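Engineer: Heads up: the sequence shown begins at 1 in UniProt numbering, then just goes up one per residue.
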Amino acid sequence: MPVQAVKINVGRTRDHVPGFGRAIDLLQLSIAIFCLPDGTFRALHNRCPKGGPIVNGEMSGRFITCLDHQCCIDLFTGSLQSALNSKVETFPVEVEGGFIYVTLE
Numbered sequence: 001m002p003v004q005a006v007k008i009n010v011g012r013t014r015d016h017v018p019g020f021g022r023a024i025d026l027l028q029l030s031i032a033i034f035c036l037p038d039g040t041f042r043a044l045h046n047r048c049p050k051g052g053p054i055v056n057g058e059m060s061g062r063f064i065t066c067l068d069h070q071c072c073i074d075l076f077t078g079s080l081q082s083a084l085n086s087k088v089e090t091f092p093v094e095v096e097g098g099f100i101y102v103t104l105e
């Protein structure tokens with residue numbers, strides 16, 4: 001039986017500061033919501049491949065660096081700059097009427 005996708009309201013755009021992330025728990029997952037400097041949003045699993053939280057990492061352009069393990073993660077693809085076969089799970093994000101929605105499967 002296929003898994004049903006769920007679109008979840010995770011907050012207002014005005015509550016997010018460009019260049020920073022915010023962690024939320026959805027369906028037993030810690031998700032990091034990042035507001036990029038251009039005002040767009042990205043959502044990733046809030047764990048680097050070594051297990052550290054990425055939400056408080058240092059953002060530079062399209063990358064976030066985990067402060068615990070120095071893993072540099074592409075916010076658009078979840079790929080690590082230093083490891084071609086390692087990724088952090090990403091989730092689709094939509095903004096509608098000033099609200100941010102993340103889709104989980």
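Using N, Cα and C, we set each Cβ at its ideal position, and we do this for glycine too.
Since we're looking at a predicted model, the values are computed, not measured.
Indicate the three-state DSSP secondary structure (helix, strand or coil) for T77 in the structure shown.
Structural biologist: Looking at T77 - three-state DSSP - the assignment turns out to be coil, as it is neither helix nor strand.
Engineer: Using alpha carbons as the reference points, say which of F41, P37, P49 lies closest to T13.
Structural biologist: Closest option to T13, Cα to Cα, is F41.
Engineer: Tell me where the beta strand (DSSP E) around L67 begins and ends.
Structural biologist: From DSSP, L67 is part of no beta strand (DSSP E); its letter is neither H nor E.
Engineer: Taking DSSP as the reference, what is the three-state secondary structure of D25?
Structural biologist: Looking at D25 - three-state DSSP - the assignment turns out to be strand.
Engineer: R14 by DSSP, collapsed to three states: which one?
Structural biologist: In the structure shown, R14 sits in a helix (DSSP, three-state: H, G or I).
Engineer: Measuring alpha carbon to alpha carbon, tell me which of F76, S60, S82 ends up nearest H69.
Structural biologist: Ranking the options by Cα distance to H69, first place goes to S82.
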